[in-house]
Every structure is written in structure tokens, then in C-alpha cells.
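To keep things clear, I will list the structure first and then write my remarks on it.
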Amino acid sequence: MLTQIVGRLCETAHLDGMLENIALQHGFTKEQYTGIWRTMQRRTTHGHCDKAALKAELDALFPQPFPDLVFAQILRGFLISNRKDKTTESITYQNIYRILHEMNMTTI
């Protein structure tokens, strides 16, 4: 059931299953998955996006903060999705790339 819901959300988000794989690998609930998607959409599409604020908001969706590596995987999923849509000049792409650059994780 979660796989089907997550799959449909991935299709909507054009994430090509990347976020779905992360969600399944880490056992995210439907609420956590949709929370990630909504937070990323809201935080990265309008102007400057602060890394610490984004991470804190995503961490609030879980009982314990998740590691930086999982945070980077989520960001990469959204970054690759934007690149495949040929929107590397978008605010979303630029915000996510900048955060990954701050984390020294820009190699995709």
C-alpha cells in the first residue's frame, strides 16, 4: 500500500523513484514521505533556502534526526529530478546544489 502511494507521489514529483527508494530503504511512513515532499517543494522553490532550517524542518518529521547522508540523498533526488527536466537554472536546482556544495556532496 505504501509502495503504491509513494510510487504515485514520485510520478507526480518526477523523482523517477529515487525518493521512493530512500523512503522504502529507511522505512518512512506515508506521512513522513509526503512531509518530505511538501517541505522540499515549499522550502526550495522561493528564494534563499537555509540548510539548517531545511534540515531542522525535515528532522521534525521523524522521532530522531536522520543522518546527513540521508539528507544528502533526499537533496540529490530532487536535484537530479530538476536536472532531468532541464531546469538547472531554476531556483529549486540552485538552492539544492548550493546546500549540497556546503556539505561537500555535489558529486552525483
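Numbering (the working numbering), first residue to last: 35 to 142. Every residue, glycine too, gets a C-beta built ideally from N, C-alpha and C.
Through-space distance from Trp-71 to Leu-55, alpha-carbon basis: The residue you call residue 55 lines up with position 21 of the sequence shown. The residue you call residue 71 lines up with position 37 of the sequence shown. The question names Leu, but residue 55 in the sequence shown is Asn. Between Asn-55 and Trp-71, the C-alpha separation is close to 14 Å.
Classification of Arg-110 by the beta-carbon crowding that lies within 10 angstroms, buried from 16 upward: Counted from its first residue, the sequence shown places residue 110 at position 76. Burial call: buried.
C-alpha gap between Tyr-145 and Leu-113, whole angstroms: Any question about residue 145 goes unanswered here, given that the chain covers just 35 to 142.
Buried or exposed by the 16-neighbour rule on C-beta atoms within 10 Å, applied to Asn-129: Along the sequence shown, one-based indexing puts residue 129 at 95. Asn-129 comes out buried.
Own chain residues within Cβ distance below 6 Å of Met-52, not counting five before or after: Looking up residue 52 in the sequence shown gives position 18. Cβ within range, chain order: Gly-111.
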